[in-house]
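In the working numbering, the protein residues as written are 68 to 351.
Below: the structure, in structure tokens.
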């Protein structure tokens, strides 16, 4: 009897150890990525010096594009020299809708596999007609990009969550874009700010999300559907109001390919190391 009891205790101890080990596994195991816009206040002071700073933070992936003051070819050389990959580049909606030629040229020169559009031009409240035009433009451009081996993603910005039928205009865009040509990049702040739950939205469309902007929103800030908020409301991850652990777990579950820290705050140099330390600390 005593021997059997010992065996039970031993089994429980092993299970507890296994569970503890599982709980101790980091959720975030991807390379550290950064949206180049974060350093918008640094690039004109020295591109190479800024790249050195980015490298020193442990960043190995960037989302950005050509930088004023350096040829795209030279930028690629400087990135390669530092072991940084330009995974994704941004594109202006109107320019891309007019022609995808330059965007494809830039993406290939920088080695980017993704192109993202972060803003759909509109006046006043985002409406159905604008969403319909965006769907048509995205499907056309996305088809052209795919033929060149590049994937188009749309980065939500908050205003698309206007109510529509039994959901939102964002739902309309997702359902009416062709997944062969168009997918999505979630901006965590611009999902939470208009009142959406980032983790739930990731799980709602598990096959459509490819990229992510990691951001957190200052506690106590009241959101809306404007797509805008003061940059000082960007705070280091883990110090704001968004449930970052739940978001990271959902992102991992749906297979987000690349994550980019984006910090629009004037305190980005102070906050980025805090953000990196925090995302590495989140455990399962």
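Don't be surprised by glycine CBs; every beta carbon is placed ideally from N, CA and C.
So which of the options has the shortest CA-CA distance to residue i?
i	options	result
residue 180	173, 217, 258	217
residue 185	161, 178, 168	161
residue 325	215, 285, 169, 182	182
residue 321	266, 304, 260	266
residue 107	99, 118, 159, 97	118
residue 171	190, 294, 257, 139	139
residue 188	259, 159, 146	159
residue 206	137, 250, 150	250
residue 294	310, 308, 273, 263	263
When you compare only the Cα positions, how much space is there between residue i and residue j?
i	j	result
residue 306	residue 345	9 Å
residue 332	residue 276	25 Å
residue 282	residue 328	6 Å
residue 85	residue 92	Bear in mind that a pLDDT of 34 at residue 85, under 50, signals an unreliable position, so the number given afterwards is only what the model happens to contain. Going by the C-alpha atoms only, they are around 11 Å apart.
residue 417	residue 101	As shown, the chain starts at 68 and ends at 351. That puts residue 417 outside it, with no answer to give.
residue 202	residue 243	6 Å
residue 287	residue 300	10 Å
residue 315	residue 303	15 Å
residue 121	residue 232	44 Å
residue 337	residue 105	12 Å
residue 339	residue 214	36 Å
residue 126	residue 99	5 Å
residue 156	residue 296	23 Å
residue 219	residue 169	14 Å
residue 272	residue 241	8 Å
Is residue i near residue j, with beta carbons less than 8 Å apart?
i	j	result
residue 248	residue 210	yes
residue 222	residue 252	yes
residue 237	residue 292	no
residue 261	residue 290	yes
residue 95	residue 349	yes
residue 270	residue 313	no
residue 164	residue 204	yes
residue 143	residue 176	yes
residue 166	residue 212	no
Would you verify that the beta carbon of residue i is, or is not, closer than 8 Å to some beta carbon of chain C?
i	result
residue 116	Looking for chain C here will not work: only one protein chain is present.
_Three CB pairs or more closer than 8 Å across the segment 119-134 and the segment 189-207_ = no
*Give, in chain order, every unbroken run of the alpha helix (DSSP H) that is at least 4 residues long and sits entirely within the segment 148-189.*
160-165, 168-177
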